[in-house]
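The sequence shown begins at 1 in the numbering used here and counts up by one. We treat Cβ as the ideally placed atom computed from N, Cα and C, and that holds for glycine. None of these values were measured; they are calculated from a predicted model. What follows is one structure encoded as structure tokens, with my remarks underneath.
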Amino acid sequence: MEGVLKVIASTRAAIGCIQAKLDAPDPQTAQWERQAWVEEVKALQRQLAELLMMENRLAGASAAGATVPAADTSREYIRQCITPVEVFNTAQLHDALLAPLGCALPVNSPQRFVLVQGDASLGAKLASVQEEAEVGTAHMFRDWVSVAITHQFALFSFFVADAIINIFARYFPELRISIDCDIVDRSGGARLRPDLLCRVCNALLFKGEHKADRSQFDAAVNELRAKMAKPWDPELQPGVPLPFMLAYAAAGSLLQFFAIETSAASGDVQVVPISPKYDLTLPAHRVEALHATCNVFRILRHTALAIPAIDLGLGQRLVARDGDGRIVRFIHKRIPEFRARHEGAGINDLAQLEAAYEATAGQPGVIQVYTGGSDGGPRLDACGDYIVHLSPVGRPNHGAPSAELERKAAVRAVLEALAALHAKGLVHRDVRWPNLIRTARGAWLLIDLEHVGDAGRSCPPALPLCHAPGMLEAGSIFTTASDLVMVAQQLLSGAPGPLVDELRQQLQARSLTAVEALQHAWFSHPP
């Protein structure tokens, strides 16, 4: 027991040390290093939670004079506790969060005795083995609840924002729960993205905002209204009514739950409180907040049954080989350490990317820089990370469409985009089906301009598609015609018919420009 307590103390100290560096970031610290600190804090928090649960388990076993049995029925207990609850409108949510769970939260007997002695109303919310025999074998869930409602209130947001979602994700795989937690992110994207995002079946149904001090509670509530107040992009689900979103605001030891509704007519966002404001320094409030959190997920279990198929979740991280992006009202794309990854690797520089987006501005067949009130870039931030905001958001694409008309539309869009780039002496160098998206209105767009370069130059090893057979010209030079060879090999391969065969052969023979290819008879010939 003494050894466990020493490790708990050292783990707390390590978390505090890293958190201090994150709270006062050095502008010279690279984004990847800050992200590594974030991941380290999360890992230490998980370790601390496990240690606290172990401390709780050892203390209980010592008091009982026996060891804990190996069998664990937490899965069955959790699924019985978190039964689905149907709520028709936000007016019913307040009562729904206070409603009894499928079974009471499991705790050890001494803890229940102390809590109920302090507040008799907690008796219906908590159960020990004396009230429900199943508590005796639900070891993991009982330990987790016991730790969450002890004096460790500073960790409560962690239990809400990470541990509880991971537990429910484990025991409710049908919900496809995913979580992004950016409580300590100081990047530009955090101005647009909530601190916590929880997607259920790819719909953003639960989110949270965190502030360090109690005095910042109102600011956390305001950010719930300002950041991503819709479960999905309505343009990608036309005609499907938006459900309400559940959320919480946390500031210091204060926590409160809210419902967020967006008016279909006006687009106005309403943030409605659906719980009391909990003060987590008070044991009774910790129990009530945890009880409300479990009811939130009972509601999410039912809401998930009516969610349409969603390809792109708002706030979802899109990982590419040289960077990542997040979906908000647009794609927030980031390439860490751009100068090392791109300039150092001989791919391109910021001036070339600025020229590429300028050359294709207003072109219908290519992704655009978003200019709706954000610093859309392309630009480098203070840490040297490349940032660009892109719109519109479209459905990802992984292969050729089965319909010939759709393939024609996609190839036409690519040729229009390439014609604009080629007119400015630029080449795309990465034309393939995964680099096309399809918007809600059915338009095809070429994306990933971050691999452009000057025409007539050698192609770096970092772009392997450039080095496919027949792609480069003499001297390993990549030209505008090389882009069109990519169109032939990547987009026209497998397409049947004599006209498309002719177009493919002409592009591979480098006998057409992008403008000339757009005039080919294949595009106007009926399928």
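query: Assigned secondary structure, residue 411 (DSSP; H/G/I helix, E/B strand, else coil); result: helix
query: Rounded separation between residue 351 and residue 392 - CA only; result: 23 Å
query: Whole-angstrom distance between residue 258 and residue 148, CA atom to CA atom; result: 21 Å
query: Residue 208, enclosing beta strand (DSSP E) - first and last residue; result: 203 to 211
query: Residues that residue 138 bridges to, as DSSP identifies them; result: According to DSSP, residue 138 bridges with nothing at all.
query: Residue 413 Cβ short of 6 Å to the ligand GDP heavy atom set; result: Although the ligand GDP was asked about, the structure shown includes no ligands whatsoever.
query: Cβ-Cβ distance between residue 150 and residue 71 below 7 Å; result: no
query: Three-state class that DSSP yields for residue 118 in the structure shown; result: helix
query: CB contact below 7 Å: residue 71 versus chain B; result: Looking at the structure shown, chain B is missing, and only one protein chain is on hand.
query: Residue 198, DSSP secondary structure in three states; result: strand
query: Residue 325 to residue 357 span [Cα, whole Å]; result: At residue 325 the pLDDT is 41, less than 50, meaning the model places this residue with poor confidence and gives no usable figure here.
query: Integer Cβ distance of residue 491 from residue 431, believed to fall under 8 Å; result: 7 Å
query: Three-state secondary structure assigned by DSSP to residue 88; result: coil
query: Which residues DSSP lists as bridging residue 433, in chain order; result: Paired residues: none, contrary to the question.
query: Simplified DSSP assignment, three categories, for residue 123; result: helix
query: Expected contact under 8 Å - CB spacing of residue 512 and residue 484 to nearest Å; result: 7 Å
query: Nearest-angstrom Cα separation, counted from residue 384 out to residue 331; result: 19 Å
query: Nearest neighbour of residue 215, chosen from 514, 279, 269 [CA to CA]; result: 279
query: Bridge-paired residues (DSSP) for residue 261; result: 270
query: Start-end ranges of the alpha helix (DSSP H) lying completely within the region 468 to 511, minimum 4 residues; result: 480 to 486, 498 to 508
query: Range of the contiguous beta strand (DSSP E) that encloses residue 246; result: 245 to 251
query: Rounded Cβ spacing between residue 108 and residue 128 (contact assumed at less than 8 Å); result: 6 Å
query: Residues bridged to residue 278 (per DSSP); result: 255
query: Cβ distance (whole Å) where residue 134 is taken to contact residue 73 below 8 Å; result: 6 Å
query: From 296, 117, 285, 218, residue whose alpha carbon lies closest to that of residue 271; result: 218
query: Cα-Cα separation between residue 321 and residue 466, rounded to whole angstroms; result: The pLDDT assigned to residue 321 is 41, lower than 50, so where the model puts this residue is not dependable; a value taken from the coordinates is nonetheless given after this. Cα-Cα distance, rounded: 15 Å.
query: Three-state class that DSSP yields for residue 110 in the structure shown; result: helix
query: N- and C-terminal bounds of the alpha helix (DSSP H) containing residue 74; result: 74 to 81
query: Opposing strand residues paired with residue 522 [DSSP bridges]; result: Answer by DSSP bridge pairing: none, since residue 522 is not bridged.
query: CB contact flag (residue 413, residue 444, <7 Å); result: yes
query: Simplified DSSP assignment, three categories, for residue 335; result: strand
query: Residue 402 (DSSP reduced to helix, strand or coil); result: coil
query: C-beta contact flag for residue 291 and residue 84 at 7 Å; result: no
query: Alpha helix (DSSP H) segment containing residue 299, residue limits; result: 283 to 303
query: According to DSSP, residues forming a beta bridge with residue 386; result: 335, 380
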